[in-house]
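Residue numbers (our numbering): 4 to 319.
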């Protein structure tokens, strides 16, 4: 007896709902485990956050909302075709939630890739657009670090890699250079060529170039503003420019450890950076907790609900 298409679709929909619920439960359990393991710091930070300045927290929440609009602007700037604005913004909101469920940005990338393909872009062009957006975001972060570092002398220290690490890196480069032109390496070169071609085409359209770089700059600046607002709310004794530089450096370092949404790695890097810069431990913990609350935990469930709506309406 064959199963009707309607029943198969309903069964697939139920499996997707169960999978989303299971992943959400796993993330929540992971968060509870981390909170339980570091409960004294979390408790003191939560207590300090409860008595924080509500006005500054509102500024941080507004900046957090703006990050999704900035992400949508940068994504529009990464493609020449005009994308549907409301669906693009909703896709960025959903992608930010899914990005906290899978490591190394795989969740957010999958949502954006599917959205661009639904908008009519080929798979290769969609993947290239994501690479262009990521490249612009990384370039903006490095530029901001280079501009802020002289204004905060002594705040960041240049790393001194061990000789063994340098030797391993040099050996790896030598081995990669000696490898034959395998199909995998040829595909990588082809993908890089496509990204370069897309960047040249986008910069031939001033409006798209402005959207790409302006959205990328706004995205990084708004995240800095979220953390700076929370630090002001909990009366953390650090100037905003130092907080912005510490956030950019810590988030860049945390990207080297691809945990889901930077959970654990970014928290530890931010708390360590704030503490080393002179902030009390309790204030640093409350600032990190407030930043995560505004950017991860409060939008997580609404973002997954928006994802379900987009999937149901076949926008993804």
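Ideal Cβ positions, reconstructed from N, Cα and C, are used throughout, including at glycine. Predicted model only: the values in this text are computed from it and were never measured.
In this structure, how does DSSP classify residue i when only helix, strand and coil are distinguished?
| i | result |
| --- | --- |
| residue 141 | helix |
| residue 306 | helix |
| residue 312 | helix |
| residue 56 | coil |
| residue 81 | coil |
| residue 243 | helix |
| residue 317 | coil |
| residue 127 | helix |
| residue 2 | This structure leaves residue 2 out entirely; the chain is present only between 4 and 319. |
| residue 204 | helix |
| residue 249 | helix |
| residue 259 | coil |
| residue 147 | helix |
| residue 104 | coil |
| residue 76 | helix |
| residue 61 | helix |
| residue 158 | coil |
| residue 136 | helix |
With residue i as the anchor, note down where its alpha helix (DSSP H) starts and where it stops.
| i | result |
| --- | --- |
| residue 227 | 209-236 |
| residue 300 | No alpha helix (DSSP H) holds residue 300; DSSP gives it neither H nor E. |
| residue 113 | 109-121 |
| residue 88 | 88-101 |
| residue 269 | 268-279 |
| residue 152 | Taken as a continuous stretch (DSSP letters only), residue 152 belongs to no alpha helix (DSSP H), as it is neither H nor E. |
| residue 287 | 284-295 |
For residue i and residue j, what's the separation of their Cα atoms in angstroms?
| i | j | result |
| --- | --- | --- |
| residue 224 | residue 247 | 8 Å |
| residue 209 | residue 299 | 33 Å |
| residue 242 | residue 252 | 16 Å |
| residue 275 | residue 213 | 35 Å |
| residue 135 | residue 54 | 42 Å |
| residue 96 | residue 154 | 33 Å |
| residue 148 | residue 250 | 10 Å |
| residue 288 | residue 52 | 9 Å |
| residue 111 | residue 278 | 30 Å |
| residue 86 | residue 201 | 16 Å |
| residue 137 | residue 219 | 9 Å |
| residue 302 | residue 156 | 36 Å |
| residue 244 | residue 227 | 9 Å |
| residue 67 | residue 114 | 20 Å |
| residue 127 | residue 56 | 47 Å |
| residue 273 | residue 305 | 25 Å |
| residue 257 | residue 88 | 31 Å |
| residue 291 | residue 230 | 8 Å |
| residue 319 | residue 129 | 13 Å |
Distance cutoff 9 Å, beta carbons only. Does residue i sit that close to anything in chain D?
| i | result |
| --- | --- |
| residue 78 | Going by chain labels, chain D is absent from the structure shown, which holds only one protein chain. |
Shorter than 8 Å, the distance from the beta carbon of residue i to the closest heavy atom of the ligand PLP, or not?
| i | result |
| --- | --- |
| residue 253 | The ligand PLP is absent from the structure shown, which contains no ligands of any kind. |
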